[in-house]
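Numbering (the numbering used here), first residue to last: 39 to 516.
We put the beta carbon where it would ideally sit given N, CA and C, even for glycine.
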Ligand code: NAD
């Protein structure tokens with residue numbers, strides 16, 4: 039793909055080739071300025087059949103290679119990611135809208151995920167033991183087969199990298215369905231994987247929407263699916279995929295709480311909270327969404343206002359993904375205001391020089407929110423944080439525990455005993471102490487609790503080894 043060539047004509051990638059499709063197309067719109075930059079195919083189940091066939095045909099050859107051989111391909115791919123980082127960052131910036139610095143950080147994270155994948159040969163040594171005199175038992179890890187990954191718009195490159203490097207190094211072959219809102223970076227990924235020496239058919243991409251997701255869940259030749267997206271769709275996918283007896287891990291939405299105690303360090307807490315809620319324009323499943331202010335933390339809130347005022351739409355703050363998303367977020371702010379909350383920093387309808395048609399919302403802070411308000415409970419997915427004021431840590435934990443979600447939760451304090459109580463009792467899969475975005479980096483695994491994840495295990499790290507393999511137990515004597 040020529041990255042400068044617009045409009046982009048997105049095509050499916052099957053058996054190592056970009057293939058034409060006969061389906062409806064969707065406009066691909068850049069959030070930076072609202073311009074149509076290409077067309078994305080809304081593929082049908084027939085296109086999927088071709089991709090699954092290609093993955094099935096490639097399976098025997100790919101899975102019979104040694105894991106070291108498979109890892110070598112990803113070692114070369116990782117190097118290609120590094121040498122193409124500017125080009126890939128530009129693509130993410132264009133299709134998603136996040137800033138170039140954030141786009142680059144996403145590729146750096148994809149590189150780190152590949153580094154974990156290439157280390158798998160060192161991690162998954164087979165077990166062997168003499169279980170009776172002269173009789174040995176050995177456990178081999180075998181791939182599951184043809185697998186699939188379905189991904190959201192907010193990390194066009196990183197989230198697909200949560201799944202395909204590990205799945206492929208472990209011997210599976212894959213069909214990926216990227217978000218129809220951000221299909222470009224995965225096109226380049228397919229080309230770079232081919233250049234790295236990945237055999238045709240091992241990695242295939244089918245673009246589309248709901249129809250393809252349903253067809254992936256129903257397809258009898260697909261053995262396992264990872265899904266990342268909203269809770270509403272995670273439930274649909276988990277139910278449908280497991281109904282056809284597939285393995286499935288489905289990561290959903292989030293509403294992350296940050297508890298701020300009065301002894302928290304003022305400057306670092308304020309800047310951590312603002313970068314957590316406004317990074318990638320708040321479109322991160324790890325973004326701060328609710329600040330629970332325990333007692334008097336007004337100096338921290340004042341400092342947050344100061345830091346938030348340095349966030350500039352079209353500069354260090356990118357747009358949200360679509361006009362619909364912008365409208366929805368602005369409606370959430372208006373409703374909170376109507377219900378009695380105070381908007382102490384209002385980012386609605388900013389003027390962004392030179393990018394008037396971009397989908398921008400400025401950093402927004404809403405104080406005196408109560409736990410029953412919609413803005414305190416629902417995922418906003420924009421650069422908005424609400425502040426709920428409580429009297430003590432106990433009340434804060436109660437509010438955090440009441441959320442239906444459970445992706446991340448953080449406490450800001452200098453008191454180790456309070457931090458220990460929070461670490462123990464917060465109901466979330468990823469906990470931070472004085473860390474605004476507590477993403478567990480490799481080799482630790484990523485995954486939430488409650489309605490932020492369905493299925494057993496996490497999506498990355500050692501947990502993914504269990505997901506992408508099955509155990510063969512061999513007992514023998516000579
Ligand atoms: P989404 O659920 O709308 O879409 C995700 C995928 O599902 C896309 O590929 C889309 O084409 C498909 N899809 C959409 N609607 C569908 C339907 N009705 N039936 C079948 N398939 C459907 O999510 P999104 O808007 O692309 O991404 C944002 C969401 O993803 C947020 O809720 C965010 O919290 C979540 N997310 C979660 C994590 C996590 O680790 N838990 C990580 C990233 C994003």
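Through-space distance from residue j to residue i, alpha-carbon basis
| i | j | result |
| --- | --- | --- |
| residue 184 | residue 315 | 38 Å |
| residue 156 | residue 426 | 44 Å |
| residue 344 | residue 458 | 30 Å |
| residue 42 | residue 393 | Confidence at residue 42 is low in this model, with a pLDDT of 46, below 50, so the placement of that residue should be treated as unreliable; the coordinate-derived value is given next. Roughly 20 Å between the two C-alpha positions. |
| residue 499 | residue 480 | 6 Å |
| residue 102 | residue 89 | 20 Å |
| residue 66 | residue 460 | 43 Å |
| residue 92 | residue 61 | 20 Å |
| residue 339 | residue 421 | 16 Å |
| residue 486 | residue 253 | 26 Å |
| residue 488 | residue 220 | 28 Å |
| residue 273 | residue 291 | 11 Å |
| residue 168 | residue 516 | 12 Å |
| residue 53 | residue 124 | 27 Å |
| residue 78 | residue 128 | 19 Å |
| residue 196 | residue 276 | 21 Å |
| residue 349 | residue 402 | 10 Å |
| residue 431 | residue 415 | 19 Å |
| residue 484 | residue 380 | 35 Å |
| residue 447 | residue 470 | 6 Å |
| residue 337 | residue 301 | 11 Å |
| residue 73 | residue 362 | 15 Å |
| residue 271 | residue 241 | 24 Å |
| residue 514 | residue 165 | 14 Å |
| residue 114 | residue 463 | 43 Å |
| residue 84 | residue 56 | 16 Å |
Heavy atom of ligand 1 within 7 Å of residue i beta-carbon
| i | result |
| --- | --- |
| residue 477 | no |
| residue 526 | Coverage of the chain is limited to positions 39 through 516, which leaves residue 526 absent and any answer about it impossible. |
| residue 292 | yes |
| residue 489 | no |
| residue 247 | yes |
| residue 419 | yes |
| residue 254 | no |
| residue 149 | no |
| residue 274 | yes |
| residue 444 | no |
| residue 218 | yes |
| residue 213 | no |
| residue 318 | no |
| residue 517 | Any property of residue 517 remains undetermined from this structure, which presents the chain solely from 39 to 516. |
| residue 483 | no |
| residue 209 | no |
| residue 470 | no |
| residue 78 | no |
| residue 495 | no |
| residue 286 | no |
| residue 350 | no |
| residue 370 | no |
Presumed contact (8 Å Cβ cut-off) between residue i and residue j, rounded CB distance
| i | j | result |
| --- | --- | --- |
| residue 358 | residue 311 | Residue 358 to residue 311, Cβ: 19 Å. No contact. |
| residue 327 | residue 423 | 6 Å |
| residue 112 | residue 188 | Actually they are not in contact, since the Cβ atoms of residue 112 and residue 188 sit about 21 Å apart, beyond 8 Å. |
Helix, strand or coil at residue i according to DSSP, with G and I counted as helix
| i | result |
| --- | --- |
| residue 42 | Here residue 42 scores only 46 on pLDDT, less than 50, and its place in the model is too uncertain to base an answer on. |
| residue 167 | strand |
| residue 377 | coil |
| residue 277 | helix |
| residue 516 | coil |
| residue 473 | coil |
| residue 181 | strand |
| residue 452 | coil |
| residue 251 | helix |
| residue 359 | coil |
| residue 71 | coil |
| residue 408 | coil |
| residue 304 | helix |
| residue 76 | strand |
heavy atom of ligand 2 below 7 Å from residue i C-beta
| i | result |
| --- | --- |
| residue 190 | Ligand 2 is absent from the structure shown, which contains only ligand 1. |
Cβ of residue i within 8 Å of any chain B Cβ
| i | result |
| --- | --- |
| residue 125 | In the structure shown, chain B does not exist; there is a single protein chain. |
* Whole runs of the beta strand (DSSP E) within the segment 309-344, excluding any shorter than 3 residues -> When DSSP assignments are scanned along the segment 309-344, the uninterrupted stretches of beta strand (DSSP E) that are 3 or more residues long and fall wholly within it turn out to be 326-332.
* Along the chain, which unbroken stretches of the alpha helix (DSSP H) at least 4 residues long are found entirely within the segment 113-154? -> 123-134
* May I have a chain-ordered list of the beta strand (DSSP E) segments no shorter than 3 residues that lie completely inside the segment 198-240? => 211-215
* Within the segment 418-446, ranges of the alpha helix (DSSP H) (whole runs, at least 4 residues) -> Every unbroken stretch of the alpha helix (DSSP H) spanning 4 or more residues and falling wholly within the segment 418-446 is given here in chain order: 431-440.
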